[in-house]
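There are 2 protein chains.
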Amino acid sequence: MPEFLELLTPDEGISRLQQHIEFVEFRSENIRTEKGLNRVIARNINSDEDIPAFTRSTVDGFAVKSKDTFGASDVLPAFFEVAGEIQMGKPANLQINKGQACLIHTGGMLPVGADAVVMVENTQYSNSKEIEVYKAVPAGENVILKGEDVTIGDVVVRKGTKVRASEIGALMALGITEIEVYDLPKVGILSTGDEIIPPHKKPDLGQIRDINSYSLGVIVEKFGGIPKCYPIIQDDKSKLLNSLRQAHDENDLVIVTAGSSASVRDLTADAINELGTPGVLVHGINVRPGKPTILAFANGKPIIGLPGNPVSAFVIAHLLLRRIMPKMRGELRTIETQTMKGKVTINISSAAGREDWMPVRLLEEENNGLKLVEPIFYKSNLIFSLIDAIGLARIAPEVTGLEANSEVEILLI
Amino acid sequence: MPEFLELLTPDEGISRLQQHIEFVEFRSENIRTEKGLNRVIARNINSDEDIPAFTRSTVDGFAVKSKDTFGASDVLPAFFEVAGEIQMGKPANLQINKGQACLIHTGGMLPVGADAVVMVENTQYSNSKEIEVYKAVPAGENVILKGEDVTIGDVVVRKGTKVRASEIGALMALGITEIEVYDLPKVGILSTGDEIIPPHKKPDLGQIRDINSYSLGVIVEKFGGIPKCYPIIQDDKSKLLNSLRQAHDENDLVIVTAGSSASVRDLTADAINELGTPGVLVHGINVRPGKPTILAFANGKPIIGLPGNPVSAFVIAHLLLRRIMPKMRGELRTIETQTMKGKVTINISSAAGREDWMPVRLLEEENNGLKLVEPIFYKSNLIFSLIDAIGLARIAPEVTGLEANSEVEILLI
């Protein structure tokens with residue numbers, strides 16, 4: 110079992126785990142394109158059509174031969190015979206000859222012989238069959254050519270792309286109504302502790318309700334996984350190992366929250382090591398809260414051991430899953446949207462060498478375009494301190510605190 | 110029909126619509142708490158329990174009478190008789206007398222007579238029945254009192270709160286396994302145009318596939334609504350009115366994308382005005398793309414008319430729905446997470462008085478901690494230009510463009 114006497118930073122710990130995740134092969138499935146929001150494309154998608162499929166007008170106006178407009182101006186308009194109107198949704202079965210124009214709407218198909226469109230604002234009917242054109246147009250003006258957006262064979266959406274409204278729109282334009290996407294990662298969640306009971310039960314003295322299964326489940330959901338909660342496990346190694354084995358078989362990632370006493374934490378690491386190789390990679394990271402975190406990898410699947418106290422489990426789950434879940438989902442490029450910058454109102458101290466994450470409350474005031482935030486000092490490690498928090502402010506390991514009015518990065522929760 | 114000759118800014122337009130939404134009463138439903146992520150609480154939730162339900166230790170150590178530790182130090186330890194161990198998950202049926210200590214784990218219930226806990230690090234067994242204590246503790250040290258987090262009657266989660274992992278955790282701690290949340294707003298989406306066909310069909314010359322129903326559907330989903338797409342409507346007022354009536358009856362909000370020619374746009378405004386009062390509130394906003402936008406309100410429900418071209422519809426749907434959907438969902442406080450700041454690489458010009466939204470591509474480089482972004486100049490109004498874009502950069506109406514290297518707010522798409 111590789112153990113590290115010097116505690117790693119959270120980033121170093123995550124890197125060790127990610128090195129193993131790199132080589133995992135993810136399963137994929139076919140789904141209807143319109144159900145694809147936030148799913149990740151499993152294979153490059155090529156176009157087998159030209160878009161547009163025909164040369165179109167980009168404005169309302171008159172299709173013409175551009176050279177017939179040469180020299181046209183407000184003072185000296187050019188005159189055109191109106192040869193007809195292009196109907197929307199129909200092929201343009203008209204031919205434009207020298208000196209002729211044809212009424213066309215935005216998106217209409219250009220008639221044969223025309224190579225430009227004069228905007229309607231630059232024309233006027235001189236009689237029902239004739240228009241005056243006040244502006245010369247070069248060839249291609251107000252026109253989009255067949256295949257100008259996409260040509261047959263182009264890659265339209267790349268493997269590893271997280272699908273947004275723009276990708277869905279583009280795929281629909283090509284008639285691609287089904288896509289291959291990676292499966293959503295399944296995440297097994299286990300809570301341990303002799304004192305833990307399910308939330309629907311009334312606790313006896315000395316008992317508390319299970320919080321972690323549910324808050325972690327929702328964090329998994331938020332980061333794009335499918336959580337599955339297992340029954341609460343007593344502090345007993347063989348029971349823990351049985352549940353861990355089952356969750357490890359049935360999921361792509363397992364999160365286990367250990368009881369909070371030191372003896373029970375060791376029990377968790379021992380049980381994880383029996384799941385397979387390489388086993389525990391990191392035991393303890395230099396962070397507060399959440400120091401007794403375990404990062405492990407066994408038989409192709411990551412396992413995360415979190416401290417039992419709900420605030421620590423909550424904070425570390427955010428730190429880890431925001432980085433690990435995109436990889437487990439097959440994303441090749443992730444845009445971080447769950448952070449904001451703010452300014453702290455008061456000094457916050459921290460130990461050098463340790464990364465601290467402090468819950469902060471958002472104030473209404475701003476300072477130089479940054480919102481003010483105020484730390485929430487909590488005592489009991491109960492999750493109620495997080496209801497008022499907008500997020501977690503990071504105090505980097507290389508500093509011994511944050512001074513009042515300094516800028517801080519906040520991980521939104 | 111109230112029409113405005115001077116074009117409003119998008120913000121002014123949205124305000125007019127929101128004044129009407131203020132008075133809408135939203136329906137609610139009861140759901141299981143663990144299914145509550147991103148739902149909005151419809152009624153203040155009070156606690157009917159004290160949390161913690163019993164006085165607990167926050168560390169591993171020994172429960173003592175604090176006054177017995179008076180003067181204890183490394184040099185002069187205090188001695189205590191070990192009276193037993195508190196079992197996790199059980200009532201502490203022990204009594205501590207003067208000079209006695211009791212082994213206790215994090216979260217364990219304090220025995221009668223104890224008022225503080227000495228951390229295990231500050232103790233040592235002198236024999237199997239006795240410990241030395243090296244540090245004096247005041248009353249209340251390492252202890253969280255019954256009811257210190259939450260007392261019976263406290264409001265734990267307020268009406269209008271968007272539910273996150275922290276709320277779900279806190280509710281579970283209280284045994285609140287069911288919550289009353291507002292219904293998700295249903296949004297009817299209509300696409301019109303003689304040239305539009307469903308995406309699974311092969312277009313004839315002059316026809317194009319429906320993009321808007323799907324990209325708008327996904328934008329609605331992203332902002333927390335339930336989209337419902339209706340069959341494509343031809344450019345015919347009575348057909349349009351029939352479909353609008355049905356969508357207006359069946360949904361909380363209706364979005365209709367009009368054909369792109371001027372005549373068809375007027376047809377949309379006329380049809381909307383027949384749905385009820387007050388009808389069209391805003392016809393045209395000073396923005397690019399998307400000027401021919403319609404904002405309306407009829408019989409208690411908003412109606413949005415968008416330009417038919419997919420980029421315009423896409424941009425305006427983002428601008429409007431990010432502001433309107435949280436209101437329709439009953440949110441009383443919304444944290445904006447869909448924006449980032451960047452720096453533009455080149456000059457971008459814009460007309461004074463008009464708000465421009467320019468798709469931008471994210472570059473790898475940074476400048477003073479801000480990511481560089483590059484505008485995407487697009488020609489055809491097809492949605493493919495948005496696949497490369499990370500978001501839309503805002504050029505405010507009061508400026509005539511952005512200079513290279515200036516800071517810009519980007520709405521992520």
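Protein sequences appear in the order of chains C and H. Note that this note's numbering has the first sequence beginning at 110, numbered continuously upward. Note that this note's numbering has the second sequence beginning at 110, numbered continuously upward. All residues carry an ideal CB built from backbone N, CA and C; glycine is no exception.
Query	Result
Any chain H beta carbon closer than 9 Å to Glu112 of chain C	Per-residue confidence for Glu112 of chain C stands at a pLDDT of 46, beneath the threshold of 50, marking its modelled position as unreliable; the derived number appears in the next sentence. Closer than 9 Å: no.
Residue-level contact to chain H via CB, Val173 of chain C, 9 Å cutoff	no
Among H:Lys348, H:Pro484 and H:Val290, the one whose alpha carbon lies nearest that of Arg141 of chain H	H:Val290
Interface partners of Phe423 of chain H on chain C, CB under 9 Å	Ala274, Ser275 and Gly278
Buried or exposed by the 16-neighbour rule on C-beta atoms within 10 Å, applied to His174 of chain C	First, the amino acid is wrong: residue 174 of chain C is Lys here, not His. That one is buried.
Beta-carbon spacing of Val350 of chain H, Ile412 of chain H below 9 Å	The amino acid at residue 350 of chain H is misidentified as Val; the sequence shows Leu. Result no, Cβ atoms of Leu350 of chain H and Ile412 of chain H do not sit closer than 9 Å.
Where the beta strand (DSSP E) through Glu475 of chain C begins and ends	Glu464 to Asn476
Near-chain H residues of the stretch 308–319 of chain C (beta-carbon distance less than 8 Å), N- to C-terminal order	Pro308, His309, Lys310, Lys311, Pro312, Asp313, Leu314, Gly315, Gln316, Ile317, Arg318 and Asp319
Per DSSP, cross-strand counterpart(s) of Ala405 of chain H	H:Val389 and H:Ile412
Segment limits, beta strand (DSSP E) that includes Gln128 of chain H	Element bounds for Gln128 of chain H: not the beta strand (DSSP E) but the alpha helix (DSSP H), Pro119 to Ile130.
Nearest residue (CA-CA) to Val133 of chain C, options C:Asn476, C:Lys436, C:Ala461 and C:Ala460	C:Lys436
Residues in the stretch 251–263 of chain H having any Cβ partner in chain C nearer than 8 Å	Ile253, Glu257, Asp258 and Val259
Lys199 of chain C: contacting residues in chain H (beta-carbon distance under 7 Å)	Gly315
Spatial neighbours of Asp303 of chain C in its chain, beta-carbon cut-off 7 Å, leaving aside the 5 residues before and after	Gln343 and Asp344
Chain C contacts made by the stretch 279–291 of chain H, where a contact means CB separation under 9 Å	Ala279, Leu280, Met281, Ala282, Leu283, Gly284, Ile285 and Thr286
Glu143 of chain H to Pro161 of chain H span [Cα, whole Å]	21 Å
Of the residues H:Asp177, H:Gly216 and H:Lys452, the one placed nearest Ala248 of chain H, counting alpha carbons only	H:Asp177
Assigned exposure category for Pro111 of chain H - 16 Cβ within 10 Å defines buried	Interpretation of Pro111 of chain H is limited by its pLDDT of 44, a score under 50 that renders its predicted location unreliable; the figure taken from the coordinates is listed afterwards. Its Cβ having fewer than 16 others within 10 Å, Pro111 of chain H is exposed.
Where the stretch 436–461 of chain C meets chain H: residues whose CB sits under 7 Å from a CB there	Ile444, Thr446 and Gln447
Backbone CA spacing between Val264 of chain H and Leu495 of chain C [nearest angstrom]	14 Å
Within-9 Å CB hit, Ala162 of chain H to chain B	Of the protein chains in this structure, namely C and H, none is chain B.
Min CB distance Ser300 of chain H to chain C below 9 Å	no
Gly300 of chain H versus Asn321 of chain H: straight-line alpha-carbon distance, rounded	Position check: residue 300 of chain H holds Ser in this sequence, whereas Gly was assumed. Each residue's alpha carbon lies about 7 Å from the other.
Residue of C:Gly409, C:Asp358 and C:Asp375 minimising C-alpha distance to Pro416 of chain C	C:Asp375
Whole-angstrom C-beta distance between Leu404 of chain C and Leu126 of chain C, which should lie under 8 Å	5 Å
Members of the stretch 324–353 of chain C that neighbour chain H once the beta carbon cut-off is set at 7 Å	Ser324, Gly326, Val327, Ile328, Glu330 and Lys331
contact_flag[the stretch 512–520 of chain C, the stretch 378–390 of chain H] where n(CB pairs < 8 Å) is 3 or more	no
Proximity test, Cβ basis, 9 Å: Asp550 of chain H and chain C	Nothing in the structure corresponds to residue 550 of chain H, since chain H is present only between 110 and 522.
Residue range of the unbroken alpha helix (DSSP H) whose run includes Glu359 of chain H	Lys346 to Glu359
Burial state of Lys207 of chain H (16 or more Cβ within 10 Å)	exposed
Secondary structure of Arg503 of chain C, DSSP reduced to three states	strand
Short CB-CB distance (under 9 Å) between Ile130 of chain C and chain H	no
Exposure label - Gly462 of chain C; buried when at least 16 CB within 10 Å	exposed
Residues bridged to Lys295 of chain C [DSSP beta-bridge criterion]	C:Ile335
is_contact[Pro419 of chain C, chain H] using C-beta, thresh 9 Å	yes
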